[in-house]
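Structure first, commentary second.
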Amino acid sequence: MEYSFGRIEEHWKEKWKKENIYRINNNSDKPKYYVLDMFPYPSGAGLHVGHPLGYIASDIFSRYKRLKGFNVLHPMGFDSFGLPAEQYALETGQHPAETTRKNIATFKSQLDKIGFCYDWEREVQTSSPGYYKWTQWIFLQLFNSYYCSIEQKAKPIRFLVEKFEKDGSDDFSATDWKSFSARQQADILMQFRLVYSAFGVVNWCPALGTVLANDEVVNGVSARGGHPVIKKKMRQWFLRITAFAERLLQGLDHVDFSDSMKEMQRNWIGRSEGAEMEFEVEGISKKILVYTTRPDTIFGVDFLVLAPEHELVAEITPVAQRQSINEYLTYVKSRSDRDRMADVKQITGCFTGSYAINPLNGRKIPVWIAEYVLAGYGTGAIMAVPCGDQRDFNFAQHFNIPITNIIGSYFNGREANPTKDAVLENSGFLNGLLMKDAMEVAIGKIESSGIGKRKVNYRMRDAGFSRQRYWGEPFPIIWKDGIAVPLEETSLPLELPHVGQYSPGPEGEGPLANLTEWINTANGSRESSTMPGYAGSSWYFLRFMDPHNPGEFCSRSASDYWNQVDVYIGGTEHAVGHLLYSRMWTKFLFDQGLIGFDEPFKRLINQGMIQGSSRFVYRVDGTNQFVSYGLKENYTVDKLHVDVNMVDGFILETEAFKKWRPDFANAEFILEDGKYICGSETEKMSKSKFNTVNPDILVEKYGADTFRMYEMFLGPIEQSKPWDAKGIDGVHRFLRKLWRLFFDEQKNMKLWTEEQPNEAELKCLHRGIKKIEDDTERFSFNTAVSAFMILVNELSDLKCHKKSILEKVLVMLAPYAPFISEELWHQMGNETSILNASYPETDKKYLVDATKEYPVSINGKLRTNMLLPLDADPAMLEKEVLANEVVQKWLEGKTMKKFIYVKGKMINVVI
RNA sequence: GCCCAGAUGGCGGAAUUGGUAGACGCAGCAGACUCAAAAUCUGCCGUUCGCAAGGAUGUGCAGGUUCGAUUCCUGUUCUGGGCACCA
């Protein structure tokens, strides 16, 4: 009997489906285990070989846990709202709902080919009304909540209203509150809601009449059409994630994420301690509020810098400076944030013409604006201390601003010194203090003299929560007289209306703004923007627990049973976005008492990215000529991705290229050696980079089992690596070799016997169990595959066909290669699925050895090996080693200085 | 620019806590089986000197700590991911 994987896989897929073998119940005597993948965005390119890497890992782990006796939840769904579908609609006129439906169907059929054990009855799609009803519902809960800084938790906003009615606030009395108009009250409450509306800056492309994602802006112009992009203020919704900053930071201590992942989140949150203080401006009543982490350097302040977007810029600029300031502002508007951060070498700024007064020494200092100060961080204004901060130093030098030295010899005049260890000079009451100690003294003085206060600051900003787009959740909000009025919960879902065309609405609004009959209601006009992609993905792990509940987003009994996700697998590219948002939503739902845990993911495994090898062509600027890689230096060129399927190695198939897109039909080529050579780069596998590889072909050629094991065999799960299929034969050979332990293909007969296994066979088996179990537990799947290979090689060498051994091998293999394991399991006479077997246990007595082949080194260099008993007496052992012929040879004429013996490891003789 | 990773044979990688560098696999070479091929099996396979025994050298690069470093420390180069509207 031959190993015909195609037949086997077809047969079991059908049978498993019929028997609903992956259906998971919310009630079970077994302990629960929740294994989750980051669900995919169903892109039009279909599944590529990078997607399944994490999915295979999680599938192996789920099956493994099931064999270990757990009730395992392992669901899958689709993050199906998003920009690409809308972009595609814009280009082709096909409705996103339709393309999304098709893409999901493709994804599902591709996933099923690989044999994942998903319970599809629990599938969720973020774009289905039954799901986004609850996304909208959670939005309303956020809208109706504020963050109580005393209790450090989210609470219903009606408590705040009650407090205002009773006691007022720091800024107004209870009587004031009652006298405010409805609009005034609403505006005040908006400053507290956990989702709120305010003005934010967006990438505005006047030519396209639309707001662009950062992704769609390349070098300051729109990726589509190359039109200029400027920054524009627009009304936006925001998620008040900053309220949770401290808890998001603290929570990291209680989850099992990698240190680097925690580090990235900590840096993103960016907690810093310092002080806020006010600087008076000469001749103007308003003061400039700056935030500094170094109040100890207050006497070294030589100038203030405001972000160009700072609200006081216009006010403090006297007429004489107005023109140059306006010119500078126009320049800044054309620059992306990325440019502003990246170009530190290019120092730009503009003097406002105003002077501020240092509140501690009365010194008059100039006020500048510069793009290196970002509006979103701190107060958008800094006090510049050139002797202690390199950017301030560079700025001062560039604009010839005199520098005050407050750290004596610690400052060399050529570069700033950010030390905290210097003794302060020229610093008034701080003179003679170590900077570290001066910090507290300075803050004390600042607070006592009423010019400022101690302040903990976070780099993290509130997250923009609206998009001027169509394909997302509509906001359950109606605007009436400038007040955002939430819809009744009972009217949810507010369904996304069908549109015929996807072009933007007036004034940069989203496409929904064009639907006047939808927008305008008797009670006011609807919000025309939609929610961002991360809205639906911030809570989907909860819906999987109770996917069909019509009355709740997830019943408390379901979330109490399944609790946290035990293992969450996904890429590091979501380190700071999705993971922080979902952690925040979980904390919010916890505060509301809707779930019983405040961290969603107990353990996070980061899968590396399978990268694509992209190919590039070089178009000579302003022509339809394409120049080969080696000759491109002679021209000014644009670099364009080409589909890797049109490239043989590095050589472009020019005819295929011409047919690829209409605008390339008349392409001309400047060849080298008669060929067009493409450039190449390793980068993220993505449809937009035309470097995707489809797994279907490999599954068809080698079978799902081979494909699964090969992806695991490529290397550590967390490591990124470019895709390469050339080793897949080896894995396939392994499965065939395994098959030959069961069947003689030539003689067409079965080989397994009921014979009792011998010592050698049991040793192989139990070592294998130990290694494979350990490796599976620590997600080291590549070494587990290698351990399987070693085990099968050893059993083949021993000609072991004993059923009691082989059955255990199959159970261990079932998570990795479910089809072949199930087939052989049944061939051997088992009636029930191998999924219901139990994992073999190691017998320690087969793992211990009496002797060890020790490496013996002289001065750390390996010279020989000696077989020695593991329980040897150290003194006897030393004698025996020193008597060894090879050791004697090296020892000749020298005396031994030291004898190092590490039991079970090695021996080193130092001479 | 900032934050986070990574770099080991011709290639993917292994070495789990500082203790035999290169497990396992791919590719390659030699051989067996075969009329032949495929499949399968056996052996070799970092570089270098050597007939061999054996020696030298070797984990991006430059230093350091240690009896001993792929592993720890300092510096540096390159590659990848993220940087707030791709998801």
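Taken in order, the first sequence gives residues -13 to 897; the numbers are from the numbering used here. Don't be surprised by glycine CBs; every beta carbon is placed ideally from N, CA and C.
Put simply, the stretch 15 to 28 touches the stretch 65 to 72. At least three CB pairs are less than 8 Å apart.
Annotation for R589: D242, V553 place their beta carbon closer than 6 Å to its own, counting only its chain and skipping 5 residues before and after. With contacts defined by Cβ atoms closer than 8 Å, V215 and G206 form a contacting pair. Within the same chain, Y662, C664 come within 6 Å of L638 by CB-CB distance, once the 5 residues on both sides are set aside. The stretch 784 to 865 is shown to contain whole alpha helix (DSSP H) runs of 4 or more residues at 789 to 799, 804 to 813, in chain order.
Only residues of its own chain outside the window of five on either side were considered, and among them K838, L856 have a CB closer than 7 Å to the CB of G890, listed in chain order. Beta-bridge partners assigned by DSSP to H627: F602. A231 is not bridged by DSSP to any residue. Exposed is the label assigned to K625, since fewer than 16 other Cβ atoms lie within 10 Å of its Cβ.
Taking a C-beta distance under 8 Å as the contact criterion, I596 and M671 qualify as a contact pair.
The straight-line gap separating the alpha-carbon atoms of R321 and A382 is approximately 22 Å. Contact between the stretch 842 to 860 and the stretch 793 to 807 is absent: fewer than three C-beta pairs spanning the two stretches fall below 8 Å. Taking a 10 Å sphere around the C-beta of I758, we find 16 or more other C-beta atoms and assign the residue as buried. Under the DSSP assignment, Y567 falls in the alpha helix (DSSP H) whose first and last residues are 564 to 577. Across the structure, G557 and P681 are spaced so that their CA atoms are roughly 19 Å apart.
Counted as a single uninterrupted DSSP element, the stretch harbouring C373 is not any alpha helix (DSSP H), since DSSP gives it neither H nor E.
Proximity of the stretch 41 to 50 to the stretch 750 to 767 meets the contact definition, three or more beta-carbon pairs being nearer than 8 Å. Of the candidates I143, I656, E295, the residue whose Cα lies closest to the Cα of N620 is I656.
If one requires a minimum length of 4 residues, the alpha helix (DSSP H) runs lying completely within the stretch 659 to 743 are 682 to 688, 690 to 699, 714 to 728, in chain order. For L877, the enclosing alpha helix (DSSP H) starts and ends at 871 to 877.
With at least 16 other beta carbons inside 10 angstroms of its own, F729 counts as buried. Distance between V485 and E669, taken at the CA atoms: about 36 Å. For a cut-off of 8 Å, the C-beta gap from Q550 to F587 is around 7 Å, short enough to register as a contact.
Per DSSP, Q307 lies in no beta strand (DSSP E); the unbroken alpha helix (DSSP H) holding it starts and ends at 305 to 319. The beta carbons of S599 and S666 sit closer together than 8 Å. Taking every protein chain shown into account, the CB of G414 has fewer than 16 other CB atoms within 10 angstroms, so this residue is exposed.
If you ignore the 5 residues before and after I714, its C-beta comes within less than 8 Å of the C-beta of L684, Y688, T692, F693, Y696, all in its own chain and listed in chain order. In the structure shown, I302 adopts helical secondary structure according to DSSP, grouped into three states. Q111 is bridged by DSSP to F64.
Taking 8 Å as the cut-off, the beta carbon of N380 is found closer than this to the beta carbon of I333. Rounded to the nearest angstrom, the gap between the Cα atoms of L617 and V630 is 21 Å.
Contact annotation: the stretch 439 to 454 touches the stretch 257 to 271, with at least three C-beta pairs closer than 8 Å. Under the 10 Å beta carbon count, H627 is surrounded by 16 or more other beta carbons and is classified as buried.
Of the residues assessed, E0 falls on the exposed side of the cut-off, its CB having fewer than 16 other CB atoms within 10 angstroms.
Minimum Cα-Cα distance from F125 among the listed residues D98, Q170, H564, R179 corresponds to R179.
The beta-carbon separation of V353 and F289, rounded to 7 Å, stays under the 8 Å limit for a contact.
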